[in-house]
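Trainee: Protein chains in written order, with this note's numbering: chain A, 70 to 235; chain B, 69 to 423.
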Amino acid sequence: MIHQILFIIFGVICVAGAVNLLVQRHPINSALSLVVVMGALALIYLLLGAEFVAAIQVIVYAGAIMVLFVFVIMLLNAGEEERSRGSHIALLLGVPGVIALGCLVAWTMLSHNTQLGGVRINTADFGATQPIARLLFRDFLLPFEITSVLILIAIMGAVVLGRRES
Amino acid sequence: MTLTTYIVVAVIKIIVVVFIMLTGVAYTTLLERKVVARIQNRWGPTRVGPFGLLQPLADGVKFILKEDMIPDSVHKGLYILAPMLALAMSLVAIAVIPFGNSITVGGTTTALQITGVAHATGAISDINIGILIILGATSIGVYGVALAGWSSNSKYSLLGSLRASAQMISYELALGLSLVGVLLLAGSLSLRDIVNAQGQNAWFGFVPHWYIFPQCIGFFIYLMAAFAETNRIPFDLPEAETELVAGYHTEYSSMKFAMFFMAEYLNMFTVGSLATLLFFGGWRGPLFGPPLLQSLLPVLWFAIKVFFFIFLYIWIRGTLPRFRYDQLMAFGWKFLLPLALANIVVTSLIVALRA
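1. For residue 206 of chain A, does the count of other Cβ atoms within 10 angstroms reach 16, so buried, or fall short, so exposed?
2. Examine the Cβ distances between the segment 388-400 of chain B and the segment 119-138 of chain B and report whether three or more of them are shorter than 8 Å.
3. How big is the Cα-Cα spacing for residue 359 of chain B and residue 267 of chain B?
4. Just to confirm, is the Cβ distance from residue 194 of chain B to residue 184 of chain B under 8 Å?
5. What do you reckon, are the CB atoms on residue 280 of chain B and residue 388 of chain B nearer than 8 Å?
6. Using a Cβ-Cβ distance cut-off of 8 Å, determine whether residue 345 of chain B contacts chain A.
7. Does the pairing of the segment 320-337 of chain B with the segment 145-163 of chain B give three or more beta-carbon distances under 8 Å?
8. Please list the partners that residue 207 of chain B has in chain A, where partner means a Cβ-to-Cβ separation under 8 Å.
9. Spell out whether any CB of chain B is found under 8 Å from the CB atom of residue 206 of chain A.
10. Would you say residue 218 of chain B lies against chain A (beta-carbon separation less than 8 Å)?
11. Using a Cβ cut-off of 8 Å, pull out every chain B residue sitting near residue 120 of chain A, in sequence order please.
12. Is the Cβ-Cβ distance between residue 378 of chain B and residue 96 of chain B less than 8 Å?
13. State yes or no: is the beta carbon of residue 215 of chain A nearer than 8 Å to at least one beta carbon in chain B?
14. Could you name the residues of chain B that residue 124 of chain A contacts, counting a contact when the two beta carbons are closer than 7 Å?
15. Using the rule of at least 16 other Cβ atoms within 10 Å of the residue's Cβ for burial, across every protein chain shown, is residue 450 of chain B buried or exposed?
16. Taking Cβ to Cβ, would you say residue 297 of chain B is nearer than 8 Å to residue 178 of chain B?
17. What number of angstroms, rounded off, separates the C-alpha of residue 235 of chain B from the C-alpha of residue 139 of chain A?
18. For residue 158 of chain B, which residues from the same chain have a beta carbon less than 7 Å from its beta carbon, with the 5 sequence-adjacent residues on both sides left out?
19. Show which residues of chain A have a CB atom less than 8 Å away from the CB atom of residue 210 of chain B.
20. In angstroms with no decimal places, state the Cα-to-Cα distance between residue 362 of chain B and residue 191 of chain B.
21. Going along chain A, which residues have a C-beta under 7 Å from residue 233 of chain B?
22. Where does residue 289 of chain B land, buried or exposed, given buried means 16+ other C-beta within 10 angstroms?
23. Can the beta-carbon of residue 127 of chain A be found closer than 8 Å to that of residue 214 of chain B?
24. Per the contact definition of three or more C-beta pairs closer than 8 Å, is the segment 349-356 of chain B in contact with the segment 250-263 of chain B?
25. For residue 94 of chain A, collect the residues of the same chain with a Cβ closer than 6 Å to its Cβ; drop the 5 residues on either side in sequence, then sort them by chain order.
26. According to the Cβ coordinates, are residue 77 of chain A and residue 109 of chain A closer than 8 Å?
27. Under 8 Å Cβ-Cβ, which residues of chain A neighbour residue 214 of chain B?
28. Considering just the uninterrupted stretch of the beta strand (DSSP E) at residue 185 of chain B, what are its terminal residues?
29. May I have the straight-line CA-CA distance separating residue 20 of chain B from residue 172 of chain B, to the nearest angstrom?
30. Are residue 316 of chain B and residue 225 of chain B close, meaning C-beta to C-beta below 8 Å?
Rendered as structure tokens:
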């Protein structure tokens, strides 16, 4: 019961943050809305019992990546965005598209409710640090390492692009 | 324990801890002024009360009564949010710190920690990601500093906050990596488990099983990174008064300034407590006397160890000059970070060989 209430609260905060991200005209307000979304997501992970993922969500996304976003916005001193007058294509295609997508998702959820099933947590230490470490560093070690090499390549690419001028 | 007692106990614990922490902050400012004055051959505050002991009270009254100015061209919402965020995040970090084992008052046993619980069996446990919550809270605390500088719409504030956030992001890496050695030895992220792991039989029969001894390099890195993370001398470039007036809080006055001030001192307490818990055996020390004394003595040992760190902070402030900004960045990225990585490699190798 209390889980459901908390889920609804954090879910609403999450969606409100996401909507606010699009509505706000100042980039720094948008970036901070995204931080709110990240925080609300972390709390939903916490409700699922995945406390390690929740903490990492806050440290990595809200604490590191979004700080860099805010940092860049501050450095560039980006001002308020101009609001466009609204194109007809967005109105003609966008609104029906969103309605159709919403209907499709809602219909799938409602009609295949029984087949989808819920999230089932099998072990008592689900979401704790040790099982996640076991998955990352034993069962899926190779994909994990390859991902880090990919990120390294991206960093090196950025350095090369940044130094080209001189 | 019923839900009602649980909530009542939790609220009492929160009130007591916040009261003690804020009083501690007030008297740390007095201690700092006194000690720095002595180092510089001065008297320090002596006028208010005996030995100037009521000075923090006078400062507090002054902060509250001063005009709370909001400059015209600030980004108002964020300008007000920033000091609150900084203070709130430093209080969140305090919430997971265990001050002692447990205490029994009137038949109700509870952990000496806001987020700790005593089970019916008498076992005490706390959240198993305590240390990550502290790291997360400090990384969210960066927003307080960054937004304060940006929303003030002033050159000095912006430069100060850019320096501060760059410095905090850089040294957070070294700080986090310096703790990994201890975590490897203890095998847990729960602060309570880490302290209990240091209660094993002493080395050579008399040296306490504190992680400072196997992790002296980790402790050195942690200490340096913690000084930078709390923006203290010799890494106080964000507030370098000769260059930036007062850095990111130049435009703040009255209670809003006091909130940044409190947040900074609370952060000093947090990093001091973390050093005590991870490297100096936390609340462990000799126990004797009746049961109530036995449950309160650990808090005293803990407080003494944290006091040592606060004193070290003040001592260094009175002794060392300020780094240059490029020296600060080079020190963090080219010296501390590789050293921390090497420490992790060596520690994990030894842990793996002994397992």
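Even glycine gets a Cβ: it sits at the ideal position worked out from N, Cα and C.
Mentor: So, from the data block:
1. By the 10 Å Cβ count, residue 206 of chain A comes out exposed.
2. Taking 8 Å as the limit for Cβ pairs, the verdict is that the segment 119-138 of chain B does not touch the segment 388-400 of chain B.
3. Between residue 359 of chain B and residue 267 of chain B, the C-alpha separation is close to 20 Å.
4. In this structure, residue 184 of chain B lies closer than 8 Å to residue 194 of chain B by Cβ.
5. The answer is no: Cβ separation not under 8 Å.
6. Taking 8 Å as the CB threshold, residue 345 of chain B stays off the interface with chain A.
7. The segment 320-337 of chain B, when compared against the segment 145-163 of chain B, does touch it at the 8 Å Cβ threshold.
8. Residues of chain A passing the Cβ test: 127, 128, 131, 132, 133, 136.
9. The Cβ of residue 206 of chain A sits no closer than 8 Å to any Cβ of chain B.
10. Chain A contact via Cβ: present.
11. Under the 8 Å cutoff, chain B gives 195, 196, 197.
12. Residue 96 of chain B is positioned such that its CB atom lies closer than 8 Å to that of residue 378 of chain B.
13. At a cut-off of 8 Å, the C-beta of residue 215 of chain A has no neighbouring C-beta in chain B.
14. Residues of chain B with a Cβ closer than 7 Å to the Cβ of residue 124 of chain A are, in chain order, 197, 200, 201, 204.
15. Limits of chain B in this structure are 69 at one end and 423 at the other, which puts residue 450 of chain B out of reach.
16. Cβ distance not < 8 Å, so residue 297 of chain B and residue 178 of chain B don't count as in contact.
17. Those two C-alpha atoms are separated by around 15 Å.
18. In chain order, 209, 331, 334, 335, 338 place their CB closer than 7 Å to the CB of residue 158 of chain B, counting only its own chain and leaving out the 5 sequence neighbours on each side.
19. Within chain A, the residues near residue 210 of chain B are 132, 136.
20. So the two alpha carbons sit approximately 17 Å from each other.
21. Residues of chain A passing the Cβ test: 136, 140.
22. Residue 289 of chain B is buried by the Cβ-count criterion.
23. Judged by beta-carbon spacing, residue 214 of chain B lies beyond the 8 Å limit of residue 127 of chain A, meaning their Cβ atoms are not closer than that value.
24. Per the Cβ contact rule, the segment 250-263 of chain B is in contact with the segment 349-356 of chain B (3 or more Cβ pairs under 8 Å).
25. For residue 94 of chain A, where only same-chain residues beyond five positions count, the Cβ hits under 6 Å are 149, 150.
26. Taking C-beta atoms as the reference points, residue 77 of chain A and residue 109 of chain A fail to come closer than 8 Å.
27. Simply 136, 139, 140, 143.
28. For residue 185 of chain B, the enclosing beta strand (DSSP E) covers residues 184-186.
29. This structure cannot settle anything about residue 20 of chain B, because the visible part of chain B is limited to 69 through 423.
30. Here residue 316 of chain B is near residue 225 of chain B, since their CB atoms are less than 8 Å apart.
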